[in-house]
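K.L.:
If you scroll down you'll find the structure; I have some questions about it.
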Amino acid sequence: AAIAACEKSLEWRAALRLLFEMGERCVEVNSVASSAAISACGRSGEWIQAFQVLSEMSDRRLQVNTISYNASLSACEKASE
Numbered sequence: 272a273a274i275a276a277c278e279k280s281l282e283w284r285a286a287l288r289l290l291f292e293m294g295e296r297c298v299e300v301n302s303v304a305s306s307a308a309i310s311a312c313g314r315s316g317e318w319i320q321a322f323q324v325l326s327e328m329s330d331r332r333l334q335v336n337t338i339s340y341n342a343s344l345s346a347c348e349k350a351s352e
């Protein structure tokens, strides 16, 4: 929920920081949190960071789903505007 709030307020750096801190504090990082972070990056046009999170999802063996892919593609679209 906190990462989604960051997305809505275009605080992509805060979203990534929360995602990182989840892992550091042994809180389960899941596909929902990762996709929300990708969306936060995407809404700000930060496509490199969005794809970094997408890559980390694979590294963590998280399920990359339609939401994750669409958010990543949206980041590219937003960056081209």
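Residue numbering for the sequence shown is 272 to 352, as defined by the working numbering. Quick reminder that beta carbons are idealized off the backbone N, C-alpha and C, glycines included. These numbers were taken from a predicted model, which means no experiment stands behind them.
#1: Cβ of G313 within 9 Å of Cβ of A346?
#2: Within the same chain, show all residues whose beta-carbon is closer than 6 Å to that of G251, passing over the 5 residues directly before and after it, in chain order.
#3: Compare the Cα-Cα distances from A342 to each of R331, A304, E299 and R332 and report the closest residue.
#4: Give me the residue from W283, R296 and C297 with the minimum Cα distance to V324.
#5: So for N341, helix, strand or coil by DSSP?
#6: In or out: I309 buried (at least 16 other Cβ within 10 Å) or exposed?
#7: Going by DSSP in three states, A321 sits in which element: helix, strand or coil?
P.N.:
Let me lay it out:
#1: On the sequence shown, residue 313 is found 42 positions in, with the first residue counted as 1. On the sequence shown, residue 346 is found 75 positions in, with the first residue counted as 1. Taking 9 Å as the Cβ cut-off, G313 and A346 qualify as a contacting pair.
#2: Only positions 272 to 352 of the chain appear in the structure, and residue 251 is not among them; the question remains open.
#3: Locating residue 342 in the sequence shown gives position 71, where the first residue counts as 1. The shortest Cα separation from A342 among R331, A304, E299 and R332 belongs to A304.
#4: One-based indexing of the sequence shown puts residue 324 at position 53. The shortest Cα separation from V324 among W283, R296 and C297 belongs to W283.
#5: Indexing the sequence shown from 1 puts residue 341 at position 70. Secondary structure of N341 (DSSP, three-state): helix.
#6: Residue mapping note: residue 309 aligns to position 38 of the sequence shown, counting from 1. I309 sits buried, since 16 or more C-beta atoms from the chains shown fall within 10 Å of its C-beta.
#7: Position 50 of the sequence shown, counted from the start, is the residue given in the question as residue 321. For A321, the three-state secondary structure derived from DSSP is helix.
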